[in-house]
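Enquirer: Before I ask anything, here is the structure I am working with.
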Amino acid sequence: MKGISNRLLVLILTLGVFGILNTEMGIVGVIPYVAERFGVSVPDAGILVSGFALIVAIAGPTMPLLFSRMNRKTVMLLALGVFSACNLFSVVAPTFELLLAARVIPAAFHPLYVSMAMAVAQQTGDTAAERARNSAQVFVGVSAGMVVGAPIAGVLASSIDLSAAMAFFAIVTVAALMLTVAFVPSMPVEKPMSYGRQVAILKKPVVLASLLAAASINAAMFGFYSYLSDYLGSAVGMGAALVSGGLLVYGLANIVGNMAAGRALGVSPRAVMVMGPIALAVLYVALYLAGNALIAASAVLIALGVAVGVANTTDQYMVSRSAPEAPDFANGMFLTATNLGTTVGTSVCGALITAGGTQLSVLGTLPCLALGVLFTVFRLRCAHVGEGDAA
Numbered sequence: 001m002k003g004i005s006n007r008l009l010v011l012i013l014t015l016g017v018f019g020i021l022n023t024e025m026g027i028v029g030v031i032p033y034v035a036e037r038f039g040v041s042v043p044d045a046g047i048l049v050s051g052f053a054l055i056v057a058i059a060g061p062t063m064p065l066l067f068s069r070m071n072r073k074t075v076m077l078l079a080l081g082v083f084s085a086c087n088l089f090s091v092v093a094p095t096f097e098l099l100l101a102a103r104v105i106p107a108a109f110h111p112l113y114v115s116m117a118m119a120v121a122q123q124t125g126d127t128a129a130e131r132a133r134n135s136a137q138v139f140v141g142v143s144a145g146m147v148v149g150a151p152i153a154g155v156l157a158s159s160i161d162l163s164a165a166m167a168f169f170a171i172v173t174v175a176a177l178m179l180t181v182a183f184v185p186s187m188p189v190e191k192p193m194s195y196g197r198q199v200a201i202l203k204k205p206v207v208l209a210s211l212l213a214a215a216s217i218n219a220a221m222f223g224f225y226s227y228l229s230d231y232l233g234s235a236v237g238m239g240a241a242l243v244s245g246g247l248l249v250y251g252l253a254n255i256v257g258n259m260a261a262g263r264a265l266g267v268s269p270r271a272v273m274v275m276g277p278i279a280l281a282v283l284y285v286a287l288y289l290a291g292n293a294l295i296a297a298s299a300v301l302i303a304l305g306v307a308v309g310v311a312n313t314t315d316q317y318m319v320s321r322s323a324p325e326a327p328d329f330a331n332g333m334f335l336t337a338t339n340l341g342t343t344v345g346t347s348v349c350g351a352l353i354t355a356g357g358t359q360l361s362v363l364g365t366l367p368c369l370a371l372g373v374l375f376t377v378f379r380l381r382c383a384h385v386g387e388g389d390a391a
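Just so we're aligned: 287 in the UniProt record's numbering is position 287 of the sequence shown, and the numbers increase by one with no gaps anywhere.
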C-alpha cells in the first residue's frame, strides 16, 4: 500500500486502538456514576477496571498467537465487532453483573487487536524512519485512549448521564468498525509461522531483556500514574479543577511525546532507549523536589508527560524490534508485561504512601527505573552480539 493508502490505514488503526483503550480506561472517569446507578460500592465498581486489566494480561500471550494465521482484516473486524456489540449493550445494561460481563468479554480481544495494529503499523512504510513514525502514530491512539477518554466520559456522565458516557465508547468502536469494512483491504498472512516457532522467541535473551525492561519502566510510569490525581491534590496542593486540567494537559503531553519518539527512534534508537528511563528518573525527582510550588510542579508535569509518551513508544519499539519474525506474539507479550508491570508499580508506590504519605509515592518510580536501565543496557548488548535485532 502506498501514499494516501498508507496514511489512511494508519489513521484507521489509530482510531481502532483509541476505541479499545478508551473502552478500557475511559470507565475510570465514570466509576462513581456506575456505583450510584447500580447501587454498589465504589471499590466494587472498580472491578470494571481491574477485571478488564486482568483479562488483558491473561489474553496477551494467547489470543495473538491463536489468531496469528488469520487474515488481519478479519481479525480487525472480529475484535471491533465484539467491542462494538458489548459497548452498545453497556448503554442499556440493566444490572451491574451484566455490565461486568460486557466488560470482561471484549477484554479478551483487546491484545488481539492492539498487538495486530502495532504489527501492521511497524510493517507499513518504505523506510525504517517511516515505519517508526507509523508505529508512533498508532501509539497516539493508546495514549489518547488511556488519558483523554476518562475526562470526556466523566463530563458526559456528569452533564447528561451514565448512558451517554457508555454511548461515547460505542460510537468510537462502531466508527472504527465501519471504516475498517469500507477502506481496509484484505491482509492475508503471507508466511504464517507455527505456534511453536512463535513461542520460541521467548528463548532469545534480547526478547526477555526487552520484556523485562518494558515491564520495569511501565511499573514506574503507570504505578505512579495510578496516584497522580491524589499526588497533585495532596502533595502539590491543586484544587479539583486544576487536578482535572493537569491530568488533561499531562495526557496531551503524552501524545506529543509519542510523535517525538517516532522521529527520534528513526534516527537514533539506542540513545532513545537508554536516555528515556534516565530522563524519567530526573523528572520524577524534580517533581518530588518541587513540592507544593505550583508553577514549578506544573512545568515538571508537562515535561514528564512528554517523557512518558516517548518512553511508551520506545518500550513497544524495543520489544517489537527484538522479534521481528513474530510481531503479533511479541506485541501480545508486550501488553502482558506492561500490565503486570503496572500492577507491581502500583503496589510499590502504594506501599510508600502507606509508609509516609502521598508525596513519597513518586519515589517508588526510582527502583523500577533503575531496573529498567539495567535491562535496557543488557538488551542492547544482546542485540549487539547478534541476537537478531537491528537496533
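By construction, the Cβ of each residue, glycine as well, lies at the ideal position given by its N, Cα and C atoms.
Report all residues from its chain with a CB closer than 7 Å to the CB of phenylalanine 67; omit the five preceding and five following residues, and keep chain order.
Expert: Translated into positions along the sequence shown, residue 67 becomes position 67. These residues qualify, in order along the chain: Val75 and Leu112.
Enquirer: Measure the Cβ-Cβ separation of alanine 303 and alanine 296 and say whether it is below 8 Å.
Expert: The residue you call residue 303 lines up with position 303 of the sequence shown. The residue you call residue 296 lines up with position 296 of the sequence shown. Against a cut-off of 8 Å, the Cβ pair of alanine 296 and alanine 303 comes out as no contact.
Enquirer: So for arginine 69, helix, strand or coil by DSSP?
Expert: Taking the sequence shown and counting its residues from 1, one reaches residue 69 at position 69. Here arginine 69 carries a coil assignment [DSSP, helix/strand/coil].
Enquirer: Judging by CA-CA distance, which residue of Leu369, Ala299 and Thr23 is the nearest neighbour of serine 84?
Expert: The sequence position of residue 84 within the sequence shown is 84, counting from 1. Per the Cα distances, Thr23.
Enquirer: I need the DSSP call for phenylalanine 334, collapsed to helix, strand or coil.
Expert: Walking along the sequence shown from the start, residue 334 turns up at place 334. Phenylalanine 334: helix per DSSP, three-state reduction.
Enquirer: Take serine 210 and list the residues in its own chain whose beta-carbon comes closer than 6 Å to its own, dropping the five residues that flank it on each side.
Expert: Here residue 210 corresponds to residue number 210 of the sequence shown, with the count starting at 1. Once the five neighbours on either side are set aside, the close Cβ partners of serine 210 are Met318, Val319, Ser322 and Arg379.
Enquirer: Return the residue from the list Val274, Thr342, Phe52 and Leu88 that minimises the CA-CA distance to leucine 162.
Expert: Along the sequence shown, one-based indexing puts residue 162 at 162. When each option's Cα is compared against that of leucine 162, the closest is Leu88.
Enquirer: Using the C-alpha atoms, what's the distance from leucine 371 back to cysteine 382?
Expert: Here residue 382 is taken as the residue at index 382 of the sequence shown, counted from 1. Here residue 371 is taken as the residue at index 371 of the sequence shown, counted from 1. Just so you know, the alpha carbons of cysteine 382 and leucine 371 end up roughly 16 Å apart.
Enquirer: When the distance is taken between beta carbons, is valine 140 closer than 8 Å to asparagine 6?
Expert: One-based indexing of the sequence shown puts residue 6 at position 6. One-based indexing of the sequence shown puts residue 140 at position 140. The answer is no: Cβ separation not under 8 Å.
Enquirer: Mapping DSSP to helix, strand and coil, what is aspartate 230?
Expert: Residue 230 sits at position 230 when you count from the first residue of the sequence shown. It is helical.
Enquirer: Exposed or buried, residue 394, counting other C-beta atoms within 10 Å across all chains shown (16 or more means buried)?
Expert: Nothing about residue 394 can be read from this structure; the chain reaches only from 1 to 391.
Enquirer: Does the beta-carbon of residue 420 have 16 or more other beta-carbons within 10 angstroms, so that it is buried, or is it exposed?
Expert: Past the boundaries of the shown model lies residue 420; the chain is included only from 1 to 391, so the question cannot be answered.
Enquirer: Between leucine 352 and leucine 360, what straight-line distance do the alpha-carbon atoms span, to the nearest angstrom?
Expert: By one-based count along the sequence shown, residue 352 stands at place 352. By one-based count along the sequence shown, residue 360 stands at place 360. So the alpha carbons of these two residues sit roughly 6 Å apart.
Enquirer: Would you call valine 34 buried or exposed, if buried means 16 or more other Cβ atoms sit within 10 Å of its Cβ?
Expert: The residue labelled residue 34 in the question sits at position 34 within the sequence shown. Result: buried.
Enquirer: Is methionine 146 helix, strand or coil when you go by DSSP?
Expert: In the sequence shown, residue 146 corresponds to position 146, counting from 1. Helix.
Enquirer: Can you tell which of Ser298, Gly356, Glu190 and Glu36 has the C-alpha that lies nearest to the C-alpha of valine 236?
Expert: Stepping through the sequence shown from its first residue, residue 236 is reached at position 236. For the residues Ser298, Gly356, Glu190 and Glu36, the minimum Cα distance to valine 236 belongs to Ser298.
Enquirer: Quick one: give me the first and last residue of the alpha helix (DSSP H) that glutamine 198 is part of.
Expert: As a working mapping, residue 198 is identified with position 198 in the sequence shown. Taken as a continuous stretch (DSSP letters only), the alpha helix (DSSP H) holding glutamine 198 covers 195–199.
Enquirer: Is it buried or exposed for alanine 157, if we count other Cβ within 10 angstroms and need 16 for buried?
Expert: Against the sequence shown, residue 157 aligns to sequence position 157. Answer is buried; the Cβ neighbour count reaches 16.
Enquirer: Using alpha carbons as the reference points, say which of Val120, Pro367 and Ala175 lies closest to leucine 9.
Expert: If you number the sequence shown from 1, residue 9 lands on position 9. Comparing Cα-Cα distances from leucine 9 to each of Val120, Pro367 and Ala175, the minimum goes to Val120.
Enquirer: Return the first residue and the last residue of the alpha helix (DSSP H) that proline 32 is part of.
Expert: Taking the sequence shown and counting its residues from 1, the one referred to as residue 32 is at position 32. Taken as a continuous stretch (DSSP letters only), the alpha helix (DSSP H) holding proline 32 covers 31–38.
Enquirer: Check whether the stretch 161–180 and the stretch 271–291 touch, using three or more Cβ-Cβ pairs below 8 Å as the test.
Expert: no
Enquirer: Just the C-alpha distance for phenylalanine 329 and valine 92, rounded to the nearest angstrom, thanks.
Expert: For the purposes of this step, residue 329 is taken as residue 329 along the sequence shown, with counting starting at 1. For the purposes of this step, residue 92 is taken as residue 92 along the sequence shown, with counting starting at 1. Roughly 35 Å separates the two Cα atoms.
Enquirer: Note down, in chain order, each residue of its chain lying with its Cβ closer than 6 Å to the Cβ of alanine 45, except the 5 sequence neighbours on either side.
Expert: Counting from one through the sequence shown, the residue named residue 45 turns up at place 45. Only Ile31, Val34 and Ala35 meet the Cβ criterion.
Enquirer: Report the three-state DSSP secondary structure of glycine 3 (helix, strand or coil).
Expert: Residue 3 sits at position 3 when you count from the first residue of the sequence shown. With a pLDDT of 41 at glycine 3, under the threshold of 50, the modelled position of this residue cannot be trusted; read the value that follows with caution. Glycine 3: helix per DSSP, three-state reduction.
Enquirer: Touching or not, the stretch 53–66 and the stretch 170–186, by the rule of three or more beta carbon pairs under 8 Å?
Expert: no
Enquirer: Taking only three categories from DSSP, how would you classify glycine 357?
Expert: As a first step, residue 357 must be located in the sequence shown, where it is residue number 357. If DSSP states are grouped into helix, strand and coil, glycine 357 belongs with coil.
Enquirer: For aspartate 126, is the classification buried or exposed, using 16 other Cβ atoms within 10 angstroms of its Cβ as the cut-off for buried?
Expert: Sequence index remark: in the sequence shown, residue 126 carries index 126 (1-based). Of the residues assessed, aspartate 126 falls on the exposed side of the cut-off, its CB having fewer than 16 other CB atoms within 10 angstroms.
Enquirer: Give me the Cα-Cα distance between serine 216 and leucine 374, rounded to the nearest whole angstrom.
Expert: Position 216 of the sequence shown, counted from the first residue, corresponds to residue 216. Position 374 of the sequence shown, counted from the first residue, corresponds to residue 374. The alpha-carbon atoms of serine 216 and leucine 374 are separated by roughly 10 Å.
Enquirer: Candidates Gly276, Met221, Ala253 and Val272: which alpha carbon is nearest glycine 345's?
Expert: As a first step, residue 345 must be located in the sequence shown, where it is residue number 345. Nearest option by C-alpha distance: Met221.
Enquirer: Using three-state DSSP, classify glycine 223 as helix, strand or coil.
Expert: On the sequence shown, position 223 is the one that residue 223 refers to. Of the three classes helix, strand and coil, the one that applies to glycine 223 here is helix, per DSSP.
Enquirer: Expressed to the nearest angstrom, what Euclidean distance is found between the alpha-carbon atoms of proline 94 and phenylalanine 52?
Expert: For the purposes of this step, residue 94 is taken as residue 94 along the sequence shown, with counting starting at 1. For the purposes of this step, residue 52 is taken as residue 52 along the sequence shown, with counting starting at 1. Proline 94 and phenylalanine 52: Cα-Cα distance of roughly 19 Å.
Enquirer: Who are the Cβ neighbours of glutamine 316 in its own chain at under 8 Å, not counting the five residues just before and after it?
Expert: Indexing the sequence shown from 1 puts residue 316 at position 316. Result list for glutamine 316: Met118, Ser135, Phe139, Ala214, Asn331 and Phe334, in chain order.
Enquirer: If the criterion is Cβ atoms closer than 8 Å, does the pair leucine 80 and alanine 153 meet it?
Expert: To locate residue 80, count along the sequence shown from 1; it is residue 80. To locate residue 153, count along the sequence shown from 1; it is residue 153. Contact flag unset, no.
Enquirer: Assuming contact is defined by CB atoms lying nearer than 8 Å, are leucine 228 and leucine 247 in contact in what I supplied?
Expert: Translated into the one-based positions of the sequence shown, residue 228 becomes position 228. Translated into the one-based positions of the sequence shown, residue 247 becomes position 247. A contact, by the Cβ cut-off of 8 Å.
Enquirer: Could you tell me the alpha carbon to alpha carbon distance between glutamate 130 and glutamine 122, rounded to whole angstroms?
Expert: As a position in the sequence shown, residue 130 is number 130, starting the count at 1. As a position in the sequence shown, residue 122 is number 122, starting the count at 1. Looking at the two C-alpha atoms, the distance is approximately 9 Å.
Enquirer: Return the chain-ordered list of same chain residues with a C-beta closer than 6 Å to the C-beta of leucine 287, the five sequence neighbours on each side being excluded.
Expert: Within the sequence shown, numbered from 1, the residue matching residue 287 stands at position 287. Hits under 6 Å: Val300 and Val362.
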